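Everything below concerns the one structure shown next.
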Amino acid sequence: MANAMIGEAELTIGETRWTLRMDNEAWIAVEGVTGEAWIETVAELHARSQAKKPAKLGTSRTLLWAAMRYYHPEVTPEECADLVRRHQALIGPPLGAAIMASMDMEPQSSGEAPPPGEGEQDGTGSKSSPPTMKRAAAQKDSGGKRPKRH
12 MANAMIGEAE LTIGETRWTL RMDNEAWIAV EGVTGEAWIE TVAELHARSQ AKKPAKLGTS
72 RTLLWAAMRY YHPEVTPEEC ADLVRRHQAL IGPPLGAAIM ASMDMEPQSS GEAPPPGEGE
132 QDGTGSKSSP PTMKRAAAQK DSGGKRPKRH
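Position 19 of the sequence shown, counting from 1, maps to 30 under the working numbering, and the rest follow consecutively.
See below:
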């Protein structure tokens, strides 16, 4: 299972572009801040999305900060909080895409996270993705290079 739990997406705000990366280390950072298993955070995001409620600002900040750490370790949680406060609508779709790709899924049309543990039987006795989800394309190896903020 190559590239397990790795998802990347580009975030552009004005002239600045960042590469967001959700991987095991990002999810561990989220767990360290929230005190919850990463899948519980995903479940909360999904429940709020289904109820047409925005993600909590603290959750959004934590996810953005965790996703920034790999390529942009200089970005602080406080800077992420400011970005979320000013640009939450721009941040949601690429952050959601990185989250979904880290779970080896493509985002639904709204960019929302899938419900954990839900899905139809895939014939192996285990749960699979909900019928609205598609498998993500394989991630390309960047050759270990970390792009700079543009």
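Note that CB positions come from ideal geometry on N, CA and C, so glycine has one too.
The model shown is predicted, which means the values in this text are computed figures rather than measured ones.
Task: Beta bridge counterpart(s) of residue 22 as assigned by DSSP - done: Sequence index remark: in the sequence shown, residue 22 carries index 11 (1-based). Looking at the DSSP output, residue 22 shares a beta bridge with 29.
Quick check on DSSP: helix, strand or coil for residue 93? Looking up residue 93 in the sequence shown gives position 82. DSSP places residue 93 within a helical segment (H, G or I) once states are collapsed to three.
By DSSP, does residue 83 sit in helix, in strand, or in coil?
-> In the sequence shown, counting from the first residue as 1, residue 83 sits at position 72. Residue state, collapsed to three classes: coil.
Q | Given residue 73 as reference, the closest of 30, 89, 21 once Cα atoms are compared | A | Residue mapping note: residue 73 aligns to position 62 of the sequence shown, counting from 1. Nearest option by C-alpha distance: 89.
On the premise that residue 20 lies in contact with residue 92, defined as a C-beta separation below 8 Å, what is that separation, rounded to the nearest angstrom?
If you number the sequence shown from 1, residue 92 lands on position 81. If you number the sequence shown from 1, residue 20 lands on position 9. The C-beta distance from residue 92 to residue 20 rounds to 20 Å, too long to fall under 8 Å, and the pair is not in contact.
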